[in-house]
Amino acid sequence: MILLRRMGEPLAIVSRSLLFFASVMSINSVAKWIPTGPLSASFYGALLLVGVFVSFPMGCRRSAEQDTGQTSNPKNEPEAVQTDPVAQFKAAATAGQWAQAEAMIPGVLILVPDDANLFELAGDVFTATGKPAQAVDVYSRSVDLRDQPSAALQDKIGKQWMVLGRPFDAVATLESIVADHPDHVAARTDLAGLLGSLGLQQRAKIHLQYLVQHQQAGLNEMIWLTDLNRPQTDAAICEYALKKHPNILLPNFALASTLAYTQQWNEARDLLDPLCDQQPDFVEAWGYLGRVLVEIGDEESVARWAASVPPNIESDFQYWMAAGIWSQQHGKIQAAAKAFSVASTIYPNDGEALNRLGTCLAELGRSDDARRALGRAEKITQLRDNVESLFSWRNHSQRAAVLIAESMNDLGRVWEAATWARIAVMMTQDPSPNARSVFDQIRGTMSGQTPWQTSDSQIAAAIDTSQFPMPSWDPLHTIAPEQPRSSSPLSSPFAASTIRFADEADQRQLKHTCRIRGSETGEGSLWIYQSNTGGIGVIDYDLDGWPDFYLTAADGDPLQSNSSPNRLWRNQTGQYVDVTDHSGTSETGYTQGIAVGDYNSDGFPDLWVGNFGTNRLLRNNGDGTFDDVTVASGIDGETWTSSLAIADLDGDSIADLFAVNYIGGTDVIDEKCFPHNSTVHRSCGPLVFPAQADRVWRGLGDGSFADASETWLTTSRPGRGLGLVAGMLDENPGMDIYVSNDMTANHFWSANLHPNPGDRQPDFHLVEQAAARGLAFNARSVSQASMGIAADDADNDGDIDFYLTHFTDDYNTLYLQTQPGVWADRTAASQMVDSTNAMLGFGTQWIDADNNGTLELAVANGNVDDFSSDGLAYRMPMQLFQRDSAMHFVLADPESVGPYFQSMRLGRALVTVDADRDRRVDMLVTHLYDPVSLLMNRSSVGDLGSHLQESEPAKEKANDSSRSVRFFLIATETHRDAVGTTVQISIDEQTRSHQRLAGNGYQCSAEPCLHFGIGGAAKVDRAEVVWPNGHSQSIDDLVADRDYLWVQGQAPTPLPPARR
482 MILLRRMGEP LAIVSRSLLF FASVMSINSV AKWIPTGPLS ASFYGALLLV GVFVSFPMGC
542 RRSAEQDTGQ TSNPKNEPEA VQTDPVAQFK AAATAGQWAQ AEAMIPGVLI LVPDDANLFE
602 LAGDVFTATG KPAQAVDVYS RSVDLRDQPS AALQDKIGKQ WMVLGRPFDA VATLESIVAD
662 HPDHVAARTD LAGLLGSLGL QQRAKIHLQY LVQHQQAGLN EMIWLTDLNR PQTDAAICEY
722 ALKKHPNILL PNFALASTLA YTQQWNEARD LLDPLCDQQP DFVEAWGYLG RVLVEIGDEE
782 SVARWAASVP PNIESDFQYW MAAGIWSQQH GKIQAAAKAF SVASTIYPND GEALNRLGTC
842 LAELGRSDDA RRALGRAEKI TQLRDNVESL FSWRNHSQRA AVLIAESMND LGRVWEAATW
902 ARIAVMMTQD PSPNARSVFD QIRGTMSGQT PWQTSDSQIA AAIDTSQFPM PSWDPLHTIA
962 PEQPRSSSPL SSPFAASTIR FADEADQRQL KHTCRIRGSE TGEGSLWIYQ SNTGGIGVID
1022 YDLDGWPDFY LTAADGDPLQ SNSSPNRLWR NQTGQYVDVT DHSGTSETGY TQGIAVGDYN
1082 SDGFPDLWVG NFGTNRLLRN NGDGTFDDVT VASGIDGETW TSSLAIADLD GDSIADLFAV
1142 NYIGGTDVID EKCFPHNSTV HRSCGPLVFP AQADRVWRGL GDGSFADASE TWLTTSRPGR
1202 GLGLVAGMLD ENPGMDIYVS NDMTANHFWS ANLHPNPGDR QPDFHLVEQA AARGLAFNAR
1262 SVSQASMGIA ADDADNDGDI DFYLTHFTDD YNTLYLQTQP GVWADRTAAS QMVDSTNAML
1322 GFGTQWIDAD NNGTLELAVA NGNVDDFSSD GLAYRMPMQL FQRDSAMHFV LADPESVGPY
1382 FQSMRLGRAL VTVDADRDRR VDMLVTHLYD PVSLLMNRSS VGDLGSHLQE SEPAKEKAND
1442 SSRSVRFFLI ATETHRDAVG TTVQISIDEQ TRSHQRLAGN GYQCSAEPCL HFGIGGAAKV
1502 DRAEVVWPNG HSQSIDDLVA DRDYLWVQGQ APTPLPPARR
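Everything in the sequence shown is counted per our numbering, starting at 482 for the first residue and increasing by one.
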């Protein structure tokens, strides 16, 4: 059984400083410091035995005479002792007669004012009687009286500072011990732990390094070293100190840094503002306050802060991060690069600083330097992912420890790599077959001259930014961010529109539920494979112009064919009929995602069904029936496939197949995971299990395929994929594939079409470039739990942008393309962080709901299991975001959008489709347990909808502000489906573009057409198409409110109107 650790949970390290704290407290007072969580019981037992009893070998006993208020002379005590006050004091202290000894202290110390040992003994007495302030005074006098005070004496002072609630004074004491006794391992360990408890991890680095290089570091210290910017705040110590001394605000820093790390910027500011006012020289606090103010966007406060920072602020990492983000916000990309370079030099192992540096360099055209910085950031992120995997196994996974060792070695952090390899060898759970070989290999490269970190890993120091200006904090010297091209709507802004959807699935007879097997506890206690399902395929299988649906079920067992059959629903003029049995599409595998495409170019769309098992290829026969041609096509293997795409990847005009796979092996089928303090299993986290590599098959032109995974997919770490999009996504020719991975870095497979000299066939392969493209992880260089992908031109600047959905307690990420083939996390700038943090998103799509030419964003939400005991919602509402003129996405009022958006669901896949052919975009969304919802677009802008139900072509009305045109594409010089084709329209000197994509995100295939909302325009001035082979065509004056079929080499042809 595995103890479940969910994403976002604080690092569960029991710091040495808490032992240090507890060791000077009574047993009763220690009780309130027991940490919560899985380690509490075993930890506290050790804490009591080691921390209390061992620390006081003399004990805290009271003699019978003390209890009765009587005293006596011990037998055989010399008469001199009875008359010598010093001797009497020592005898009483030795006997544990603390009250009697304490009463003697003033006279004894006056009598002998220069006896260092006597002052130390007096401190021991005050410690025993619970008077820490007096103990500190006399211990300190003992120190002053000695030329070389012992570490044990100074340690006593430090412990009493902790009892007094003065941890920063304890830090100073421990630093003094280390200065006097640099090889004192216990003091360094205590000091490192206490520094971490107070949020000062970077100061602890030198001590942790010492412990590693002297083979004294344990697992907790090694975990901590993996990321020194991850807070190790001990809230108990901080809160105790603030309770004892509410006017000393130093502990606020540690509490604030934890809040800031989880992006609770306003809450962090509430603690840092008064702290910095009180402590004008606390560099780390001032640096973090700057970061907080910049993230909040309070420019006036930033200006005041910048004028008040301490003189040595430029030594602080967060100061430079604040400077870089500030510069980015104001369009000063060179200054931002400079700041992030300095930050990365101060701490070369921070992925966020390197990621931001690389993004800036890419925007500045420094592509080689950008790749170096982003490549290093990717390696650091992989290290973090491996550590997260270790947490999922309660810090005991040999597989994860080996991966950490390999990551460390790859990062040039050899000493840490060797220690992790040694730790891995000693672990037994979740075994790795190469643990010993990794240990031997790493150890074999080391010598006494091995540096702590190799010089070639100091990436930032090797990138020349000397020509870049330093950041300026003066708002007068900043400029506004660059505005996207053609960013204004083609009609009135969203405030003038009424976007509304109505769930009409039931009245249209679309009655389907993605079935999963229930549990004894109702809707909870799901297996992870039950949580990730709900695929949709939009397919006009009978070519009647009305989009049909292929919907999934998964109520059987993985790797078996015992689920309820998937269902094919035929659209008969807006009403749906189940034609599964007649069509031969009743696949009963454990189905996940659906791909739709004409794999054999016969004019009829086919189905490719992704299973947790064998994927199935269903050929459309053109007569309303399908044949399962999986075996004949050469598709084999049993894997957990989540999402799929059919597209011509290598440019030979033949369809190829790409399968995104999730988790490898079969342990996931029956491995149970348990939240803390629970006996009921919940859905396991993905990092508990190994990832499964994606697969690709090359089309051979005769309806069969050959596995090309090893030759087409360059070496890359598998990524637990959930969603994908295929198209011409970057600036280079050829097809690309973007894969969203769960808690590992996303993948961006870019086509390499360069010919092999002397060979007629292209030397085709796909190169993984997500980090270099800015798409592997978010701005903080964190691998998110990526699920759904929405891909379109979100900012109307002519290229593809992405929106990815994620887990709870993390924001969904908006990646805008800032330069050709380079994306950047612009979520915060678009004000989309807070609105998604509490959600868990699956399917997502861009949609022009009001036909004004500006895209809205829809997100289906719902948790993977019932974690309501942790304060997390299980069922969640769907969200719709609208874009304003400042490129901010505002959450639409659920009541205004429709009752469905107020309902709580376990949302999964989401597709766009014009189900009733009224040229308004509708949506279909699947759920766990609940029937699907067909959200019909009932929006109104001007006279929207007044004429769209008519059977004849739409009438042109001057006051209609919600017209549209749609394009269905057929390629003749490349693969028929025309995936990767871009259409751009121009109206009144404004342009809009969309691209025909495949995959369409999480486990789905949307309607294969390009929809353009054109507002009140009566016609399209010009439309231009660029086909996958680069050939282009254009046409002028297309009438609005029409569907067009555009065949390559021909003029677009208006399609007949819908007949009802």
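We treat Cβ as the ideally placed atom computed from N, Cα and C, and that holds for glycine.
Under the criterion of beta carbons closer than 8 Å, residue 735 and residue 678 qualify as touching, at roughly 7 Å. Within the same chain, 1502 and 1503 come within 7 Å of residue 1517 by CB-CB distance, once the 5 residues on both sides are set aside. Of the residues 829, 916 and 866, the one whose Cα lies closest to the Cα of residue 935 is 829. For residue 1326, the enclosing beta strand (DSSP E) begins and ends at 1322 to 1328. Looking at the DSSP output, residue 731 sits in no beta bridge, so it has no partner there. For residue 1513, the enclosing beta strand (DSSP E) has its first and last residue at 1513 to 1520.
In this structure residue 1359 is buried. Its beta-carbon is surrounded by 16 or more other beta-carbon atoms within 10 angstroms. If you check the CB distance, residue 1421 and residue 1494 do not come in under 8 Å.
Residues of the same chain with a CB within less than 7 Å of the CB of residue 1201, apart from the 5 flanking positions on each side, are 1143, 1144, 1167, 1172, 1222, 1223, 1224 and 1225 in chain order.
Measuring C-alpha to C-alpha distances from residue 866 to each of 1481, 1530, 1264 and 1339 identifies 1264 as the nearest. Per DSSP, the continuous alpha helix (DSSP H) segment holding residue 720 begins and ends at 716 to 725.
Selection 926, 928, 1133 and 832 evaluated against residue 1510 yields 1133 as nearest (Cα-Cα). It is roughly 19 Å from the alpha-carbon of residue 1275 to the alpha-carbon of residue 844. Less than 8 Å divides the Cβ of residue 606 from the Cβ of residue 586. Bounds of the alpha helix (DSSP H) holding residue 656 are 648 to 661. With a 10 Å radius around the Cβ and a threshold of 16 neighbouring Cβ atoms, residue 1519 comes out buried. The criterion of a C-beta distance shorter than 8 Å is satisfied by residue 850 and residue 944. Between residue 1114 and residue 1070 the beta-carbon gap is near 16 Å, outside 8 Å, which marks them as no contact. In the three-state DSSP reduction, residue 1283 falls in the strand class (E or B). Boundaries around residue 771 are those of the alpha helix (DSSP H), 764 to 777, since no beta strand (DSSP E) includes it.
By the C-beta density criterion, residue 907 is exposed, having fewer than 16 other C-beta atoms within 10 angstroms.
DSSP, read as helix, strand or coil, puts residue 1446 in strand.
In this chain, residue 1530 is not harboured by any alpha helix (DSSP H), its DSSP state being neither H nor E. In the DSSP annotation of this structure, the continuous segment of the beta strand (DSSP E) that includes residue 1128 starts and ends at 1120 to 1128.
Restricting attention to beta strand (DSSP E) runs no shorter than 3 residues, the region 872 to 933 encloses none. Straight across, the Cα-Cα distance linking residue 1451 with residue 1119 is about 33 Å. In the displayed model, residue 1226 falls within coil according to three-state DSSP, outside both helix and strand.
In the three-state reduction of the DSSP assignment, residue 1168 falls in the helix class.
Just measuring C-alpha positions, the residue of 1028, 1182 and 1175 sitting nearest residue 1192 is 1175. Annotated as distal: residue 1406 and residue 1395, with beta-carbon spacing of 8 Å or more. The region 891 to 903 and the region 922 to 938 touch, with three or more beta-carbon pairs separated by less than 8 Å.
Bounds of the beta strand (DSSP E) holding residue 1417 are 1414 to 1418. Going by DSSP, residue 1405 is part of the beta strand (DSSP E) stretching over 1403 to 1408. Taking the CA atoms as reference points, residue 825 sits about 28 Å from residue 649.
Approximately 25 Å separates the beta-carbon atoms of residue 1484 and residue 1463; this is outside 8 Å, ruling out the contact.
Comparing alpha carbon positions, the residue from 741, 579 and 1414 closest to residue 983 is 1414.
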